[in-house]
Structures are given as C-alpha cells and as structure tokens.
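A.B. asks: Residue numbers (numbering that gives the first Met the number 0), protein chains in the order written: chain A, 0 to 297; chain B, 0 to 1012. Think of the CB as a built atom: it goes at the ideal place given N, C-alpha and C, for glycine as much as any other residue. None of the values given here were measured: they were computed from a predicted structure.
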Amino acid sequence: MMYQQLTDAMSNSSATLTTLQGEIASGLNYNTPSDAPTIMGQVLTMTDRISSLNQMSDTVKAVNGSLGAQATALQSAQGVVTKLQAIAVQGMDGSLAQTDRDALVAQVTQLKATLLDIANTQTPTGQYVFAGGNTGSVPYQLSPTDKTSVSYLGSSSPLRVQVSPTSYEDVAVPGPNAFQITGADGKNISIFQVLDNLNTGLTSNDQTKMTDAENNIKSISDHISSAMSLVGAAQNRMTDITANVTELTTQSQQVLSNVRDLDYGTALANLQKQQVLLQASETLVSQLSRLSLLNELK
Amino acid sequence: MADLVSIGVSGLSAYQTALSVTSNNIANVNTPGYTEEQAVLAPAGMSGNDVISIGGGVLTQSINRLSNSFLEANLRDATAAVGAQNSLVQGLSQLQNEIGSSTAGLSTQLQSFFNSVSSLQANPADAGTRANFFSAAQSTAESFNDVGNTIQTLSNDTVAQINNATDTVNGILKQVYSVNQEINLHASDKNPPATLLDQRDQLLTQLSQNMGISTKYADSGAVTIYAGSSATGPAMVSSTQVSTLSAVTDNYNSGQISFVLNQESAPQPIKPITTGVIGGYVNFLSQGITPTLDKINQIANIFGSAVNAVQTNGVDANGKIGQPIYYLGPAYAASGPAIAGDENLSVSITDPSIVTGKAYTAVYDDQKQQWNIENNSTGATISGSGDIKFEGLSFNFAGTAVNGDTFQISPTSTAAQSISLAITDPSQIATASQVQATADIANNVGSATATATVIPPPPSPAGIKDISQVISYADNGSGSSTYIAPNASNKTIAFIPAGTSAVNLSSSGGDFAVFTREGVQISGPAVTDTSFMTQANGFNIGAADNYNTTYLNQTGSLGGSSYLWQNYTFGQIANPIQKIDLNGNPIAGSYTPATITTSDITFPLQLTANSLSINGVAFPPGVGSSPVTFNNPNDLANTINSSIDGVTATAIGNKIQIAQKVMVTATPDLIPSGGPYTIAINGYDFNAGSLQALADSVNNSNIGVNASTSNGGFRVEKSDPAATQVDLRIGDNNLGIAQGNSTAYPALSISLNGTTDTASIKAIGLNAGFQMVKPLSEDLLIVAVNNTNGMQIQGSYQLPTATAANTLANLAETSTYAGAQPASQRNWQIKFSSDGSHYSISDTTQIPATTVVSNGTFNQSNPVIQYGNWKVTLTGAPQANDTFYVNPTIAANQPSSNVNGQQNAASAVSDNSNIVQLAAIASNQSYFGNNLTLQQSYTASVNDIGAKLAQAQTAQTTQQSVLTQAQTARDQVSGVNLDSELANMIKYQQAYQASSKIVSTAMQLFDYLIQNI
C-alpha cells in the first residue's frame, strides 16, 4: 500500500521532469495545446499574423519594384522630351536651311525610337509598366504597315493591387496618363503623333505645325511631371506601409516571444526542485524497506 | 484427566488451523484479489457434573473472509472511473499529437494559401505566381485530406479498441458465469469456499476496468452483473445465464456507438457505457473525435465553397468563366446485394451542390419491378429502375434482381477527406473579373481611370408581390381585378418581372405609374415628391435622386423616343379578334378589327391640342397646346375621322366607338402609269381606264366595299369595318396589291402624347392604363398614385416562358430568358454630362443604345458607379463628356460590331479584380457566427482538444487518488498486513506451545498416577 503510493509519487516526479526537460530543450514554454490551451491559441494567431505580414511586405516590395521602374522610365522620358522641346524651338528658327531641318528630323526620329523603348519599359520580372492592367503584353506598338504611327494597346485601367487587408494601390499609371494630352483642338494626341507632326512640320517648313508641336511637347512634359509626382506619392505610401509592416512584425514577434519563450531561470529552478523531490521519494523507499517486524524477530 | 488431554488437543488442533490460516495469509500477501482470512475460535462444549462445569477446550468455529462488499463496490467504481479517464486521456493525446502542431498544421497551410493569393493578385500575368497559387491550392486540399484521414483513422482505431475491450468483457463474463456455477455447487455448505469468492471479486475488478458495473449477490455468493451504476435492466451474467456484449457502430457516423446484449440471438439494448476503458473511448469519440471532425469538415466545406464562389464569378486565363477549383462532395459506395440477385449498383455524384452526405438504402420490389431508394436520415424516397437520379446522386443498377434485394449506400468519406482539386492547370485560375471597365482613351479629356468588379445583382424586390400575386394569371393571360386600398398611395403595388410581355393594365378610381427600379418613369402621372422611391418600395438605392422623366409616356417603337424603343401606351390599346371554329382553329378572314368604345363623355368637351395620340398621330389637331372644344359626340367623331387616317369613329349616344379600318392600299410607285386597271375584290372583277373610274365602279357595285384614290395611290376598305360577315379578299389585280385575305389588322391605340397630365385621357371616357408589348430585361414597378378613394387594377400579361421554372425569382437581372442576355454579356456606356457633374448609363447592347437606363450625380469623394451586377470605381477626376465603357472580359461575349474601348481592356490573363476577392475569405468572420475566421476556427478547435485533454488529465489525477483511497480503505479491511500476521503467528505459536504443555502436563499426571498406583 505504502509502496504503491511511493511508486505513484515517483512516476509523477519523473513525468514532470520529462516535461521540464522537453521545455528546456526546445526553449519554448508550451509544446502542445494541452499545456496551455489559451496561450497556444495566441501563439497560432501570432504565427499566422507574422506570416501574413511577411507576405504583405513581399507584395509591397513587388509593387515598389514596378513603381521604381516607372519612376526611372518617366525620368528618362522627361530628359528625352526636354531635348525634343529644344529641337522644336531650333526648328522654328526661320534662318535654318532645309538640310539642317532634315538633320533635326533624323534626330527626332531617333528620339522617338528611344521614347518608344521607354514607353515599353519592363520590370525585372517582365511586367510592362506603362500597359495599365495589361501588364503581360507590349503596350505601344509600331504600326507594322507604315512603320511610323504608334498605337496604345495597353489597358486604360491600372493594375490595382491589394497591399494590405484594407488598402489598394494602383501599381503604375497607364501610358496615356503620361504620354498623351488633349491638344488645343480638344482632341487627344499622343507624344508619338506630336513627333510625327513635328517631323512633317520640319520637312515642309510649316511654322504652324512646328509651333503646335512645340506647345504639345511642352504640355506632355508637364503631363510626365504630374505622372512622376503620382508615382512618387505612391512610392512614399509604399515606404510608409513597409515601415508600418516592419514595426508590426517586430511587435508581433515580441508578443510571440513573450508568451512562448521559456523563462530558463524558473525552468531550471523547477528542474532542481523536481530532482530533489524524486531523490527524496527514492530515499524513502529504501528507508521503508528496512522497516519490518521480521527484523525485530531475530 | 481425559478432559485435560482433549482440551489440550482441541487447543493444538485449533491453533494449528489458526497458524495455517495465518500462513496462508502470509503466503498470499502479494496475491491480487486475495482477501485476508481469519480463524474464528470458540469455546468447545461443556463437561463435568451439575455442580461445576468445565469448558471443553477450544474449537475453530469458522474461517472468516475479511471482506466488505461496500468497499469492494467502491473500489470497482473507482477502478472504472480511472479506466475511463485513462483511455480518454490516451485518445485525446493521440488526437492532439496528430493535429495540434502549431508549425505544420492546417492553419499554416491556409496561411500559405492566402499568401499565394496575395502574390498572385500582385502579378496575375506571371506564370510563376499562378503555378505557386495552384500548388498552394493543391497542398491545402491535401492538408485537409491529411487531417480528415488522420481523425478518421483515429476514429476507426478507437472503435477497434472498443471492440477489443468488448471481447475482454465477454471473456470475463464467461469466467464469472463458471465461477457462479462452482459457487452454486457449494450452496449447501455453511461457508462458501473463500477461493471462489476471491476469484469472483477479482473478476469483478477486472470487469470494472473495462466498464462500469453494478452487482447483486445471491445467498450462495453467486453474482448477477448489470451495466452502469444501478442494478437494473438486463443482466449481463447471472447464475443461470451469460450474455454476449456487442458494440454497434452507426455505419454512417462512427461517433455514435450503442451497446447490446446477445446481438446474434435476442438483441437487448443496455444503458450507455460511460466509465471503464470502453466508456473512456466512447467519451473520446463523442467529445474528441466527432466535434473535431465536424468542425474540420465544416471548415473544409466553407473554405472550398467560398473559393469556388469567387472562382466561378471570374474569368480564367483561357478567357472562360472560372470552373470550381475544389470538388467538395463526399464519395459514395454501395454494399450488397443482401439477398441473392447477381445485380450490381454503382453510385456516382451528379450534382455536388445538393449531395446530402447521408446514407441510403435501396430495396428491390419484384411486383412493381423497381428499386425503392430511401434516404436513411430524412426518409425521402424515390422509385425507379436502371439509372435513378436522386438528391445529386446517380444510382445505376445492372443485372437481375430478386425480390427484397437490398443495397446499403453510404458516404465513404467526409468533406475534409474528399476535398480535391477540380482544375488541372494553373491557367484555369480565374483571376480576371467578368467585366472590364475602360476609359475612352482616344477622346476623354480627363485622365480618370476606371476599374470594374462584379457584384451580386439587386435581388428581386423584397416584400413586394409580383404581378401574378396581384392579378391572378390564367392560361390566356387574362387576369382578375384587384382592389387597392386608399392608404396604398405612393406605394408599389406589384412588380412586373423582367421578361414579362404583352402587358395590358388599366385602373379605375385612381392612377398608377410604372417605373424601372433605377428611377426611370415610363408611364403614368409625373411625380413631384420622389421620397417614396425607397428600397422598401422595390427601388434601387439612389433611385429617388436619379428620378428620370425623359421617357415618361413616350410612345413609338422603332425610332421613337420611348424607353428602349418599347411600345408603351399610357391609355388604351385594342387588338383585332379572330373567330375560331369548333375545333379551336382560327377561321381564315374572320377578323373583327381592333375597336375601342369609350364610356359616356360629358359635352361640351374641352381638350388640349395634341395632348393625345391615336395610332401615333397627335390629336386633337390644333396649334401648340391651345384648347380645342367639342360640343357634341358627332363633332368629336367627325374630327377623329377627318384627322386620323385608317380609323372610323362613330358616335353612339354620348360614347364614341373608334375602330381600325379594314383596308388595303396600293402605293403609287407600284401602280403602272396609264390604264387600264383591273382588280378582283371579294370575287367581283372590276376594270376601268383610270384609277378614279375604277374606284367609282367599285363604289357603285354595292358590295360593302369603298374604294378611293389619293395622291396617285389606290385604297380599298370595308364600308362597315365592324361587319364581320364578309372579309376583304383581293384577287387578280395590276395595282401591285398582294392577292389574298387582307390580314394586316393593326392594333388600335389611344394614348397620352408625351404629356404627363392624365386629364385628357380621362376626359374622353377612357381609363388610364399601361401597355407594353415586348419583354424588358429588367423589372418594372407598378406604383399606386392619386389613390384617394381606393382604386381597382385589372388587366392581362404574358409571363416569361423561356425558362422551365417560371418562378419569378429566377428572372432577376442576371438570368436569361427569351431574347435577353445576362448582364455580364452586355455592353454598358457611362457618359458624363457636359458639366461633368452627372453621368448616365446606357446599355449599348440594347436597341437603341442611347436609352439611359440609369443616371446619377457623380460624387468625387465616393467615386463609385453601380448598376445591375457591376460596380465601377473611378480614380482621378472625370471631365465633361468623358466616356467609360463596361464590357465583358470574355472575348466571345464582346459584340463584334461595337468595340467600345475594348482594345484597352485588361486581358483575362493580366486582370486581378476577381482574385483579390479571395483575400477577403481569410478575414471573413461571419462563417461560424462567432466572429472567428476560418484559421481562427481551426486554431480554436485544436485548442479545444488541448483544453479537453488538460481537463481530462486533471480528472485522471483526481480519479487516481480516489482509486488509491478506495484501495487503501479496502486493504485496511481485506488486505494482508505482514506485521499483524507475524504477531498473530507468534500469538498462535505460543498458544500452540501452551496447549502442547497441557497435553504433556496431562501425560505427566497420568504417568504419576500409573507409577504411584
């Protein structure tokens, strides 16, 4: 009877010791839900939250990649447009000879090709940044027949990406929002058409056409600037979100660590205590075994 | 002396017995179930004479078992309780180990699924993110399968454990029975053999480890055993019989277990077993397995259905409407036949959405030569043969059946086990929305961009009756009259469901107006207060602000200014009537032309010029809207005859009868120049040199026909249009008139002419009404107005017939019916007004494309435009006259002739508007009614197992100490204590020695006597 009780006490002590050793080995307070059902819930929730925050940060990085590519492209485009503006002004100089203007035409054609390349910029992952929502296909296409006119085949709507559970971000501005303006006649005209008109004006020394083109180039330059500020603002928002996500991740990890990580001091003290208890029980058994009437009957 | 010897001998014998009993006790100190025995000594009988009496020594009266039946029973109960907790703890720990991991469980898998959604929506055109989502979707299904299978296996193992324990119980029961028999053999003995009783008690303890029992003892010591905590119900074992215990599992729900005795011979159900190893496993099934499995299945079902709902609402990379990603229904298997036939049954799933997941039984009925299939849970039945379709399943019988043949059909897996990927390729993931919004890049001045999403269309007006509930519908479309109480003014009486045609309604005692749900008024008096245009009255949100009277009371179909060029009339419309023969077939040439007779008109009658329209011609003639006065009926009839061509008006008392003329006309361009002209009318031949002579010749012939010439044309008409006896039949002619019966009998209509004032129509003795010929693709609302004294509404209509189920709820805006397309196949245009503050929406698939079906004020702070089943969000400020288009994503649904900015739509590959909806599933807290998301619910159920395990472990510790106490209590009474046995031994040894001394003293006394005599 007494032996049975002692045996039970010893087996309890060794079970507790095993649990403590498990905790010390894993460095975690709780290993299974039954150890602490409510806290384990928190642990699971926090783990999922950290995982989703990491994903959010990845998405923001991807969006930022597209925005960065577009910002760079817009800057290059602005440089090209500034050069074109100078050429248009130069071309309007009545004292120029036709050969000079022809040289300008060649330059304009060259710069138009550069602009076309810029308008078809891709991100490192292969998305066309000026294609609006149609990121998978070339947005500005040179007419295969006349090899001069350029048409926009991208989407008029940007790709709207969910960057957090509640907010969406337009990944990039569609091409026409940067490279197209409404002309003085109220009709929409793209930079490529403007350059074609400039070339016609230069070739035929048509001052009106050149003046129109010069004005339009100026408007497009403004338009590109406003697109740049849109993209810049979006980049700022992404930076804010990234900072926020980083902060939240740190906090979540802190909370997770608070609830889950083992307090080694307490655990080791408990280990010591349990070992002493076990030893005590064992000593007791050996003591008890000597207690018997038989010993006294010799 | 002899006494002395016999006393000594009695002591020797008694103490030898006592020593034997003590030795036996010591020897059995470690024998399980051994009960301490005690020799009971008593003084032996008297001897001597009457004066003195001397005791006769000692004798062993009995050997007592130191047993206490209460303590034994207590010990058994405690043993059973510990047994139960042990198996519950064992089961729950196993369950927790299998599904409780915080890093590798289903929760983590769901999280990575939603992470893959996030990656995919950020770059839908990328094959890599698509493949990533595809594999995440697959591993999520596999995770569900793993968890489902694990729990199912654990459930099966537990049932097997219960069966093992039941076998053990049956073994013990048999042993108890044979011990009972042995005990009964010694029934006549004074003391039943202690060993048998020890065996009996030992068996009872073993039994109570497996299940809680109650006992009754016979005088002989034989035991009767009952299941549970009270000695009632059928006995499991008694002196006369022994039963067999069986666990019966519900084939279709392994969490349900019941116990019966003698299942093979005479089944007798017993009380549920709640303690012992068996009870512990039963509790584990009901507290651990069943709720967890149910929850996991529920999560699997909700997750799968939610993902499928998003997927099927979108368009995949192949430009097709998304197919469900997951298959969710359970698999079914049939077992049987139970009797003799050689037939077989294969069960397959035809419609997963309605599969019940319940079990079925099929029984063959030889007399009717058919199978009767019954749902075991609901009792729903179906009969048939061959391939029977029932509740989403197909039961396919083959072979020859005999009467009474039975098949059991049961679900073989649960949702979590069977959820599997139903698509085969990442390109089938529907990332794109069904509709795309585009800006008109070529012409828009503003740089606003638009994105569209599909939303659920407004449901049929809630709480509002459809027209068939107000005006009962007969086969011929005619209806009865319904009284509308005066308090129902400015209230919607009924709605005309989309697709209803040939509507012809009229009212008396009050007016009614007809609106679209977007607030476009089609017919009736104009309203000044639009506050009744609420959702409660069936209008869509914003209808009151967008009230539109552009199409109010406008008539004319093709090229007119009516809503969608429909032929509406606010007034009366009459159709020609054709007679039928006895067989119900129309009689050729027996038309009565369309006729309208007014009620009594008060003269003098004053009408506003051009306020009415008769057959589309303005009436009465006059300048602008000047008043025109008619003094008597003939005055009015004559004016109608002179100003409206093709009708005949006749005054009948104060009424006017207006009838469509029956006539044929030859247009001048078909008449050859220069005669002679010939024509055969109703069998009479006429010819003349000129048209006028021909007309005169016809008019003079008196055959009830008038002929006339005007502007080079030639017209023949019946002189009495209402006369039905003769038709107008045209034969051979050289005027270009088609031969045959004149069957072109147009309808006659009298209506308001684009005015909103209903006074004119009433002044000429007609009730206000509403007519619509062709079906519309949207619901119309009938609203009672000016209903001050109570009104009646009556009329006829033709319900849509294209769908098999003529239920009106099926005819909401998205549904298809004859001639209409679902909203996702139409093309819409959003056009901003010239000041940019308003927009109007038109359906460019309809004719005419310019009809504005909805309009509204644009709100830059909430730049959302919504109609039917789509919603467009604008980014940036739209400018004056800017145009946006909403088109189907699916190329096949785009109109070939109308490209509406289609070239600038995102393609089905690169659009992400649909896939972003999937992210919402992760955070949706409304699935379980407890504000938990799917992941949280799973976590909660894992924690629930943890909590139950922790609780069971505490109970186990408690029960263990209760058992220890019970054991102590029992051992104090019945256990062998070595110390006390040793003390007894010394005691008995000394008494034995003393007794032998008595004998030796007696011997010495005897010797002394012998020597001294």
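Three or more C-beta pairs closer than 8 Å, one from the region 266-275 of chain B and one from the region 232-239 of chain B: is that the case here?
C.D. replies: Verdict: yes, contact present.
A.B. asks: So A193(B) and T34(B) are supposed to be a Cβ contact under 8 Å. How far apart are they, rounded?
C.D. replies: Indeed, because the Cβ distance is near 7 Å, the residues count as touching under 8 Å.
A.B. asks: For the candidate residues E22(A), A14(A) and M9(A), whose alpha-carbon lies nearest to that of D260(A)?
C.D. replies: Nearest option by C-alpha distance: E22(A).
A.B. asks: Can you tell me whether DSSP reads P42(B) as helix, strand or coil?
C.D. replies: Three-state result, P42(B): strand.
A.B. asks: Against chain A, with Cβ distances strictly below 8 Å, would T874(B) count as a contact?
C.D. replies: Yes, contact with chain A.
A.B. asks: Kindly list the residues whose CB is nearer than 8 Å to the CB of S624(B), restricted to its own chain and excluding five residues on each side of it in sequence; keep chain order.
C.D. replies: Only T607, A608, N609 and S610 meet the Cβ criterion.
A.B. asks: I'd like to know whether the C-beta atoms of V469(B) and T481(B) end up nearer to each other than 8 Å.
C.D. replies: Yes, these two residues count as a Cβ contact at 8 Å.
A.B. asks: Under 8 Å between beta-carbons, which chain A residues line up against F113(B)? List them in chain order, please.
C.D. replies: Result: S51 and Q54.
A.B. asks: In chain D, which residues lie with their C-beta within 8 Å of the C-beta of S218(A)?
C.D. replies: Looking at the structure shown, chain D is missing, and the protein chains on hand are A and B.
A.B. asks: Identify every residue that forms a DSSP beta bridge with S505(B).
C.D. replies: S505(B) is bridged to G768(B) and Q793(B).
A.B. asks: Determine the DSSP secondary structure at I25(B), reduced to helix, strand or coil.
C.D. replies: Helix, per DSSP.
A.B. asks: Show which residues of chain B have a CB atom less than 9 Å away from the CB atom of T93(A).
C.D. replies: One point to set straight first is that residue 93(A) is Gly, not Thr, in the sequence displayed. Per Cβ cutoff of 9 Å: no residues; G93(A) is ~34 Å from chain B at best.
A.B. asks: Report yes if the CB atom of T430(B) is closer than 8 Å to the CB atom of I840(B), and no otherwise.
C.D. replies: No, Cβ-Cβ distance for T430(B) and I840(B) is not below 8 Å.
A.B. asks: Starting from G537(B) and walking both ways along the beta strand (DSSP E), at which residues does that stretch end?
C.D. replies: No beta strand (DSSP E) contains G537(B), which DSSP labels as neither H nor E.
A.B. asks: Using the Cα positions of T549(B) and Q520(B), report the straight-line distance between them to the nearest angstrom.
C.D. replies: Distance between the alpha carbons of T549(B) and Q520(B) is about 8 Å.
A.B. asks: Among residues of its own chain, excluding the 5 on either side of Y326(B), which ones have a beta-carbon nearer than 6 Å to its beta-carbon?
C.D. replies: The residues are S419 and A421.
A.B. asks: List the residues of chain A whose Cβ lies closer than 7 Å to the Cβ of V453(B), in chain order.
C.D. replies: Correct list: empty, because the minimum Cβ distance to chain A is about 15 Å.
A.B. asks: DSSP has M1026(B) in a bridge; who is on the other side?
C.D. replies: Shown here, chain B extends from 0 to 1012; a query on residue 1026(B) therefore has no answer.
A.B. asks: Per DSSP, what kind of secondary structure is R48(A) in: helix, strand or coil?
C.D. replies: If DSSP states are grouped into helix, strand and coil, R48(A) belongs with the helices.
A.B. asks: Closer than 7 Å, Cβ to Cβ, to anything on chain A: give me those residues from the region 477-511 of chain B, in chain order.
C.D. replies: Within the region 477-511 of chain B, no residue qualifies.
A.B. asks: Which one of S245(B), Y225(B), T677(B) and Q934(B) has the shortest CA to CA distance from I736(B)?
C.D. replies: Among S245(B), Y225(B), T677(B) and Q934(B), the Cα nearest to that of I736(B) is on T677(B).
A.B. asks: Using a Cβ cut-off of 9 Å, which residues of the region 146-164 of chain A contact any Cβ in chain B, in chain order?
C.D. replies: So the list reads S150, Y151, L152, G153, S154, S155, S156, P157, L158, R159, V160, Q161, V162 and P164, given in the order they occur along the chain.
A.B. asks: In its own chain, which residues sit with a C-beta less than 7 Å from the C-beta of P997(B), not counting the 5 before and 5 after it?
C.D. replies: First, the amino acid is wrong: residue 997(B) is Ile here, not Pro. So the list reads L3, I6, G7 and G10, once near-sequence residues are dropped.
A.B. asks: Anything in chain A within Cβ reach of Q120(B), meaning under 7 Å, just list it in chain order.
C.D. replies: The answer, in chain order, is V160 and Q161.
A.B. asks: Answer yes or no: does any C-beta atom of chain A fall closer than 8 Å to that of L807(B)?
C.D. replies: Here L807(B) scores only 34 on pLDDT, less than 50, and its place in the model should not be relied on; the value that follows carries that caveat. Answer no: the Cβ-Cβ gap between L807(B) and chain A never drops below 8 Å.
A.B. asks: Are the CB atoms of G835(B) and A447(B) within a distance shorter than 8 Å?
C.D. replies: No. Outside cutoff.
A.B. asks: How far does the alpha helix (DSSP H) with L693(B) in it reach, from first residue to last?
C.D. replies: L693(B) -> alpha helix (DSSP H) spans L690 to N699.
A.B. asks: Would you check if the distance between the CB atom of S1032(B) and the CB atom of G570(B) is smaller than 8 Å?
C.D. replies: With chain B covering only 0 through 1012, there is no way to say anything about residue 1032(B).
A.B. asks: I need the DSSP call for I62(B), collapsed to helix, strand or coil.
C.D. replies: The answer is strand: DSSP assigns I62(B) an E or B state.
A.B. asks: For the beta strand (DSSP E) that Q435(B) lies in, which residues bound it at each end?
C.D. replies: Q435(B) -> beta strand (DSSP E) spans V434 to A438.
A.B. asks: Can you grab the Cα-Cα spacing for the pair T628(B) / I466(B), in whole Å?
C.D. replies: If I take the Cα positions, the gap works out to 39 Å.
A.B. asks: Is it the case that the Cβ atoms of T273(B) and G211(B) are separated by a distance below 8 Å?
C.D. replies: Yes, these two residues count as a Cβ contact at 8 Å.
A.B. asks: Please report whether the beta-carbon of A968(B) lies at a distance below 8 Å from any beta-carbon of chain A.
C.D. replies: It does not: the Cβ of A968(B) has no partner Cβ on chain A nearer than 8 Å.
A.B. asks: Pick from P592(B), F112(B), Q286(B) and G147(B): whose alpha carbon is nearest that of G90(B)?
C.D. replies: Answer by Cα proximity: Q286(B).
A.B. asks: Going by DSSP, name the residue or residues bridged to F685(B).
C.D. replies: Partner(s): I678(B).
A.B. asks: Quick check on V998(B): does DSSP put it in helix, strand or coil?
C.D. replies: If DSSP states are grouped into helix, strand and coil, V998(B) belongs with the helices.
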